[in-house]
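Enquirer: Take this structure first; my questions come after.
Residue numbers (the working numbering): 3 to 402.
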């Protein structure tokens, strides 16, 4: 927030006397001494005026959400989201029709949680209308005003509650919030899959999301969105493996750990609107083939060769949490190291080698090549190109 680019944006916004303040996550994380990733700024000026002020200062602007009051300023290659003060004119459970205002309290009232309604000016003065700083210090995730009303305005706030609980929360829980979430749970079915996915993956990226996920199960929050998950026990075991230093935390792998055995992935993908990349990764992690028969080094290298490092790491970790293999187990430690660090060699033969043996073009070429490759894998990749050609010669002779 003290960086030159940030201060340049703030000065530009206040050039003609309007106020601009940092808001939300950057204020919250600064108070906690945590890393600040994104800078959000609230301003009294309307979007077009905001753009004019920024452009006059030589700062690039992008009209990312002008109808909702949001402009992105880009200074020294870094984006800053600048939003006009707003009030909700109408709410529909998933979105709101907003009106612009110059009233800072009105803007604060429409925010979800008290520690997200914290503002800070360029000189460091804090503006805290709802005791958000005290809530932050206590680890209390508390809605601004009525929890039931905040949730009815946007049911995604239920998922945001659990995300912030995982990142910042401590017991005891806010009872008004829990009562409102319990009542709202049946109303979560109409949310956007993309938005739910985003919130869940951000939740699972927290240092320890287990308690939050367990509470989601108890309050039936996941009944519609993730019925393929019955509890958080495997997630807890995964976190123990992560804390032992064997693997880095990964929200997608944590999602894999949440899923029950033998589930159908397609309904999850459709419900969450998963990207093709995510679907492919989850499918590889859940696949039964190739079988993971052993955690010995040879089997692990074969697995990495067949499905790649990331998929192998996911499969081994999932195998460990399902089989209750502890993080200190020597075979698991060695297997995870291979899955993470070993780089598979390139098979030294190609179809040209088969054709050079006099084999006519056709299906036999692929079959012979695959047979020699399987022989090479079984031998733990020790055979060089000459040895593989010798094996090919033998296989061709046998076929004739």
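Every residue gets a Cβ at the ideal spot worked out from N, C-alpha and C, and that includes glycine.
Keep in mind the model is a prediction, meaning the values are calculated, not measured.
Which term fits residue 26, buried or exposed, when burial requires 16 or more other beta carbons within 10 angstroms of its beta carbon?
Expert: Under this definition residue 26 is a buried residue.
Enquirer: Here's the rule I'm using: 16 or more other beta-carbon atoms within 10 Å means buried, otherwise exposed. How should residue 365 be labelled?
Expert: Looking at its Cβ environment, which holds fewer than 16 other Cβ atoms inside 10 Å, residue 365 is exposed.
Enquirer: May I ask you to verify whether the segment 325-342 touches the segment 257-271, counting CB pairs closer than 8 angstroms and requiring at least 3?
Expert: No: fewer than three Cβ pairs fall under 8 angstroms.
Enquirer: Measure the alpha-carbon distance for residue 313 versus residue 346 and round it to whole angstroms.
Expert: Cα-Cα distance, rounded: 13 angstroms.
Enquirer: Contact defined as beta carbons within less than 8 angstroms: I believe residue 374 pairs with residue 393. What is the distance between those atoms, to the nearest angstrom?
Expert: Yes, they are in contact, since the Cβ atoms of residue 374 and residue 393 sit about 5 angstroms apart, within 8 angstroms.
Enquirer: Should the segment 19-36 be regarded as contacting the segment 116-126, the criterion being three or more beta carbon pairs within less than 8 angstroms?
Expert: Yes: at least three Cβ pairs fall under 8 angstroms.
Enquirer: Just tell me which of 226, 130, 225 and 212 has its CA closest to the CA of residue 241.
Expert: Closest option to residue 241, Cα to Cα, is 212.
Enquirer: In terms of residue numbering, what span does the beta strand (DSSP E) encompassing residue 81 cover?
Expert: Start and end: 80-86.
Enquirer: How about residue 65 and residue 46: do their beta carbons lie closer than 7 angstroms?
Expert: In this structure, residue 46 does not lie closer than 7 angstroms to residue 65 by Cβ.
Enquirer: In whole angstroms, give me the CA-to-CA distance for residue 289 and residue 282.
Expert: Between residue 289 and residue 282, the C-alpha separation is close to 10 angstroms.
Enquirer: Can you grab the Cα-Cα spacing for the pair residue 174 / residue 349, in whole Å?
Expert: Distance between the alpha carbons of residue 174 and residue 349: 58 angstroms.
Enquirer: Excluding sequence positions up to five away, which residues of its chain have a Cβ less than 6 angstroms from the Cβ of residue 356?
Expert: Excluding positions up to five away in sequence, the list reads 367, 370 and 371.
Enquirer: In whole angstroms, what is the alpha-carbon distance linking residue 81 and residue 330?
Expert: Cα-Cα distance, rounded: 43 angstroms.
Enquirer: Excluding five sequence neighbours on each side, which residues of the same chain lie with their C-beta closer than 8 angstroms to the C-beta of residue 262?
Expert: Here the set comprises 230, 231 and 232.
Enquirer: Look at the alpha carbon of residue 48 and the alpha carbon of residue 325, and state the distance between them as a whole number of angstroms.
Expert: For residue 48 and residue 325, the distance between alpha carbons rounds to 58 angstroms.
Enquirer: Among 303, 67 and 354, which has the Cα closest to the Cα of residue 380?
Expert: Ranking the options by Cα distance to residue 380, first place goes to 303.
Enquirer: Whose C-beta lies closer than 6 angstroms to the C-beta of residue 150 among residues of the same chain, with five residues either side of it excluded?
Expert: Here the set comprises 182.
Enquirer: Considering only the alpha carbon of each residue, which of 34, 68 and 301 lies closest to residue 376?
Expert: The candidate whose alpha carbon is nearest that of residue 376 is 301.
Enquirer: Hey, residue 221 and residue 165 are a contact pair by Cβ (cut 8 angstroms); roughly how many whole angstroms apart?
Expert: Not confirmed; about 14 angstroms, so no contact.
Enquirer: What residues match up with residue 130 in a beta bridge as DSSP calls it?
Expert: Its beta-bridge partners are 120.
Enquirer: Look up residue 64 in the DSSP assignment and say whether it is helix, strand or coil.
Expert: Residue state, collapsed to three classes: strand.
Enquirer: Pull up the distance between the alpha-carbon of residue 309 and that of residue 35, whole angstroms please.
Expert: Straight-line Cα distance between these residues: approximately 41 angstroms.
Enquirer: Short of 6 angstroms in beta carbon distance, which residues of its chain neighbour residue 17, apart from the five on each side in sequence? Order them along the chain.
Expert: Closer than 6 angstroms at the Cβ level, and outside the excluded window around residue 17, lie 55.
Enquirer: I believe residue 258 touches residue 284 by the beta-carbon criterion, under 8 angstroms. Please report the beta-carbon distance rounded to the nearest angstrom.
Expert: At roughly 6 angstroms, the Cβ-Cβ gap stays under 8 angstroms, so residue 258 and residue 284 are in contact.
Enquirer: In whole angstroms, what is the alpha-carbon distance linking residue 253 and residue 208?
Expert: Cα to Cα, residue 253 sits roughly 8 angstroms from residue 208.
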